[in-house]
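Quick note, the sequence shown lines up with residues 291 to 326 if you use the numbering used here. Glycine included, each C-beta is placed from N, C-alpha and C at the ideal position.
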Amino acid sequence: MKRSVPFEIFRYAAILAAIAVTLVPILWMVSMAFKP
């Protein structure tokens, strides 16, 4: 089942990076929208 652990770690990190790149601008826009 486990072929290469480093590849699994890299894939997991890549997924997290993609999620972060997607969510950070959205959260930033929302926070700016609600600032007085």
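Q. What's the gap between the Cα of A303 and the Cα of A310?
A. 10 Å
Q. Quick one: Cα of P315 to Cα of F324, how far?
A. 14 Å
**Q.** Bounding residues of the alpha helix (DSSP H) (the contiguous stretch that carries R301)
**A.** 295-323
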